[in-house]
Amino acid sequence: MKTYQKISMATLFGVFGVVSTTQAQEITAELEEVTGTAEQEQSKKLAKLRKIAELFKKS
Numbered sequence: 288m289k290t291y292q293k294i295s296m297a298t299l300f301g302v303f304g305v306v307s308t309t310q311a312q313e314i315t316a317e318l319e320e321v322t323g324t325a326e327q328e329q330s331k332k333l334a335k336l337r338k339i340a341e342l343f344k345k346s
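For reference, each letter of the sequence shown is one residue, going 288 to 346 in the working numbering.
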């Protein structure tokens, strides 16, 4: 399940009372933090792959 779907679910849980609004906000904040971290890690890995690809192009 994609992160934005999880965030939407957390919001809906809060709206429909499955969890409190505060809990839904906390879940959403945690998911946003995890998403940000994952995007940063992915960006770093892509940069490394681009460097490797450049080395192969030069040789």
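Note that beta-carbon positions come from the ideal geometry of N, C-alpha and C, so glycine has one too.
Bounds of any alpha helix (DSSP H) do not take in S307, whose DSSP letter is neither H nor E.
Of the residues assessed, A316 falls on the exposed side of the cut-off, its CB having fewer than 16 other CB atoms within 10 angstroms. When rounded, the separation of the alpha-carbon atoms in A334 and V321 is 20 Å.
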